[in-house]
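Trainee:
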Amino acid sequence: MKSAVLAGLRTQETEESWAQKLDEAALLCEACGIEVKTRLTQKAQKGHPRTLLGSGKVNELKQACEAQSADGVVFVNELTGIQTRNLEQETGFPVIDRSALILEIFERHARTRQAHLQVEAARLAY
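Numbering (full-length UniProt numbering), first residue to last: 1 to 126.
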């Protein structure tokens, strides 16, 4: 993934702490060589169990990816495997969350066989 839409669900966070989370995720994307094309946020009390975001926001996410010519989506929030799959099916774009992004950064910086094995063990546990 070379470029992405940065997305997330804001629940209890203040505006300031949410902005910090988005900025941190953007820096993680940069460290992984992913250009953030735009940011998309939904504010709600709790996430939708199927896709984390509501159906209207998922459609908006798909349109943002298409309009910005993004290769995928990076979520600030942790996603379940089912949510990731559902989002990929509904948007037609690859979706990763913050944890997967961090594991990708570790993988890229791993130099020894042991380091690669540790990253793989973390990926399996994830």
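Glycine included, every Cβ here is placed at the ideal spot set by N, Cα and C. Quick caveat, the model's predicted, so the values are computed rather than measured.
(1) If you follow the alpha helix (DSSP H) that residue 127 is part of, which residue opens it and which one closes it?
(2) In chain order, what residues of the same chain have a beta carbon less than 7 Å from the beta carbon of residue 38, not counting five sequence neighbours either side?
(3) Would residue 15 and residue 21 qualify as a contact pair, given that the criterion is a beta-carbon distance under 8 Å?
(4) Would you kindly check if the distance between the Cβ of residue 78 and the Cβ of residue 98 is under 8 Å?
(5) Could you work out which residue in 70, 11, 18 and 27 is closest to residue 45 when comparing CA atoms only?
(6) So if DSSP puts residue 98 in a beta bridge, which residue, or which two residues, is it bridged to?
(7) Roughly how many whole angstroms lie between the Cα atoms of residue 112 and residue 36?
(8) Please classify residue 35: does DSSP put it in a helix, a strand, or coil?
(9) If I follow the unbroken beta strand (DSSP E) through residue 4, where does it start and stop?
(10) Please state the DSSP three-state secondary structure of residue 56.
(11) What three-state label does DSSP hand residue 79 in the structure shown?
Mentor: Concretely, from the data shown:
(1) Limits of the chain in this structure are 1 at one end and 126 at the other, which puts residue 127 out of reach.
(2) Against the sequence shown, residue 38 aligns to sequence position 38. These residues qualify, in order along the chain: 5, 64 and 68.
(3) By one-based count along the sequence shown, residue 15 stands at place 15. By one-based count along the sequence shown, residue 21 stands at place 21. No.
(4) Here residue 98 corresponds to residue number 98 of the sequence shown, with the count starting at 1. Here residue 78 corresponds to residue number 78 of the sequence shown, with the count starting at 1. Yes, Cβ-Cβ distance for residue 98 and residue 78 is below 8 Å.
(5) Numbered from 1 along the sequence shown, position 45 holds the residue referred to as residue 45. Ranking the options by Cα distance to residue 45, first place goes to 11.
(6) Here the question's residue 98 lines up with position 98 in the sequence shown. DSSP lists no partner for residue 98.
(7) The count along the sequence shown starts at 1 and reaches residue 112 at position 112. The count along the sequence shown starts at 1 and reaches residue 36 at position 36. Taking the straight line joining both Cα atoms gives about 30 Å.
(8) Here residue 35 corresponds to residue number 35 of the sequence shown, with the count starting at 1. In the structure shown, residue 35 sits in a strand (DSSP, three-state: E or B).
(9) Start at 1 with the first residue of the sequence shown, and residue 4 comes out as number 4. Taken as a continuous stretch (DSSP letters only), the beta strand (DSSP E) holding residue 4 covers 3-10.
(10) Within the sequence shown, numbered from 1, the residue matching residue 56 stands at position 56. Reduced to three states, the DSSP call for residue 56 is helix.
(11) The count along the sequence shown starts at 1 and reaches residue 79 at position 79. DSSP places residue 79 in coil when its eight states are reduced to three.
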